[in-house]
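In our numbering, the protein residues as written are 5 to 349.
Here is the structure we will look at, set down as structure tokens.
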Amino acid sequence: MNNKILLYGYFANNLGDDLFIKVICNRYKNCIFYIIESKPYTDTFLSFTNVKVYPLKNIFDIKFDLQILIGGSLFMQPRDVNKIHTKFEDVKKTRYFNNVPFIIIGANFGPYTDIEHYKLYKRWFLDVDDICFRDIQSYNQFMELPNVRWAPDVIFNYKLETKKNKSKSISISCIYNNQRIGLTNYSQNYYYQKLVDISIYYIENGYGVKIASFCNHQDDSIAAYDILFRMPTNYHKYVKVIEYNGLNLEKFLSEFLDAEYIIGTRFHSIILGWIANIPVFPIIYNAKSYNMIKSYQFNGKYSHIENLGNCSIDFIEYNRKELCIPDCSNLIKQAVKQFNFINLI
Numbered sequence: 005m006n007n008k009i010l011l012y013g014y015f016a017n018n019l020g021d022d023l024f025i026k027v028i029c030n031r032y033k034n035c036i037f038y039i040i041e042s043k044p045y046t047d048t049f050l051s052f053t054n055v056k057v058y059p060l061k062n063i064f065d066i067k068f069d070l071q072i073l074i075g076g077s078l079f080m081q082p083r084d085v086n087k088i089h090t091k092f093e094d095v096k097k098t099r100y101f102n103n104v105p106f107i108i109i110g111a112n113f114g115p116y117t118d119i120e121h122y123k124l125y126k127r128w129f130l131d132v133d134d135i136c137f138r139d140i141q142s143y144n145q146f147m148e149l150p151n152v153r154w155a156p157d158v159i160f161n162y163k164l165e166t167k168k169n170k171s172k173s174i175s176i177s178c179i180y181n182n183q184r185i186g187l188t189n190y191s192q193n194y195y196y197q198k199l200v201d202i203s204i205y206y207i208e209n210g211y212g213v214k215i216a217s218f219c220n221h222q223d224d225s226i227a228a229y230d231i232l233f234r235m236p237t238n239y240h241k242y243v244k245v246i247e248y249n250g251l252n253l254e255k256f257l258s259e260f261l262d263a264e265y266i267i268g269t270r271f272h273s274i275i276l277g278w279i280a281n282i283p284v285f286p287i288i289y290n291a292k293s294y295n296m297i298k299s300y301q302f303n304g305k306y307s308h309i310e311n312l313g314n315c316s317i318d319f320i321e322y323n324r325k326e327l328c329i330p331d332c333s334n335l336i337k338q339a340v341k342q343f344n345f346i347n348l349i
């Protein structure tokens, strides 16, 4: 008999979050996953053979075996501390049935500044059946709770088709400063201009450049085209903007990962590069990225986004020249532990 699982995540055609859903659904093909409809974003999953997308009102007559909350930055403190309780209650509501096991997969905790934010979640976590964080730092904050674990990011479980011969190009993952929670305070102008300078350097050294939007909903595409149009027009023919739209995952990844080097701002641009055995220069825009590279023992160079303008080309080039890539074989082996609880049902 197929287990019925209610699966809740961040549905906004964000590449990383959509990959979470793809990974878990591909891994458990004998389970039926129910996703609450959120058009147009959940249309992405209509082609999955073991996924049913239902309106919220229709799920309450279904007898589920498990509820899963899957996502990365699920527990960030809102900018307005007066909204801490409101946001917390919204997260709690993702558990629709108190009599059905509920687990959390793939998250990090924070960033936060107000201890009340931490205390609210710690009390709630006691009632959750299993929590698997994706970095050591998040785990360490709750390590005394018996139901808390950590393992490398869910995306390390993605079966990626890798090319041995990469095109002579670099891929750049960029973000737009829309003041969403979790973003570091930085100058968008300086950030864009540095990515322009990096692009021009590689173009003048015979490389093509791909600027990637991982999430149009969060305005990555605005950033990508702003960077492009800051370049002199005679460079434009060497640059391609590629956009993930929710329906082109394989094509997008094939293009993005057909590169010799990645300048990665998006969290999963870094991990996908490593899995594809491509060196990456990480740009840290959030504590989660810093915690990730430390948890996964990355020993290469990186920059916090607010300091990117101070980085020399030689500094940025270091990871490419020295092939600085962490040992993904062990990370892949350990990442399967994200799913330990599911294997028990």
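For each residue, glycine too, the CB sits at the ideal point set by N, CA and C.
Helix, strand or coil at residue i according to DSSP, with G and I counted as helix
i: Y14; result: coil
i: V340; result: helix
i: A263; result: coil
i: S299; result: helix
i: A155; result: coil
i: D134; result: strand
i: L28; result: Note that residue 28 corresponds to Ile in the displayed sequence, not to Leu. Reduced to three states, the DSSP call for I28 is helix.
i: E148; result: coil
i: Q81; result: coil
i: S293; result: helix
i: K172; result: coil
i: K305; result: coil
i: E254; result: helix
i: S19; result: The amino acid occupying residue 19 in the given sequence is Leu; Ser does not appear at that position. DSSP places L19 in helix when its eight states are reduced to three.
i: I346; result: helix
i: L164; result: coil
i: I9; result: strand
Endpoints, beta strand (DSSP E) assigned at residue i
i: Y58; result: 55-58
i: F106; result: 106-111
i: I288; result: 284-288
i: K244; result: 243-247
i: Y38; result: 36-40
i: I329; result: Careful: I329 lies outside any beta strand (DSSP E) and carries neither H nor E.
i: L73; result: 70-74
Rounded distance between the beta-carbons of residue j and residue i, thought under 8 Å
i: S293; j: F218; result: That belief does not hold up - the Cβ atoms of S293 and F218 are roughly 13 Å apart, past 8 Å.
i: S299; j: I140; result: 5 Å
i: N6; j: C29; result: Wrong, their Cβ atoms sit about 12 Å apart, outside the cutoff.
i: G76; j: F271; result: 7 Å
i: Q71; j: V104; result: 5 Å
i: A111; j: L78; result: 5 Å
Buried versus exposed, by CB contacts within 10 Å (16 or more), residue i
i: Q301; result: exposed
i: V152; result: buried
i: K26; result: buried
i: K214; result: buried
i: Q183; result: exposed
i: D65; result: exposed
i: M296; result: buried
i: G210; result: exposed
i: S173; result: buried
i: S175; result: buried
i: S142; result: buried
i: L199; result: buried
i: L261; result: buried
i: R138; result: buried
Host alpha helix (DSSP H) of residue i (start-end)
i: L276; result: 271-279
i: E321; result: 317-326
i: E120; result: 119-129
i: E310; result: Taken as a continuous stretch (DSSP letters only), E310 belongs to no alpha helix (DSSP H), as it is neither H nor E.
i: I88; result: 88-96
Residue i: CB within 7 Å of a non-hydrogen atom of the ligand SAM
i: Q342; result: The ligand SAM is not part of the structure shown, which contains no ligands of any sort.
Interface flag, residue i vs chain B, CB-CB below 8 Å
i: A111; result: Absence of chain B from the displayed structure is noted, only one protein chain being present.
Secondary structure, alpha helix (DSSP H): runs of 4+ residues fully inside the region 175-230: 192-208
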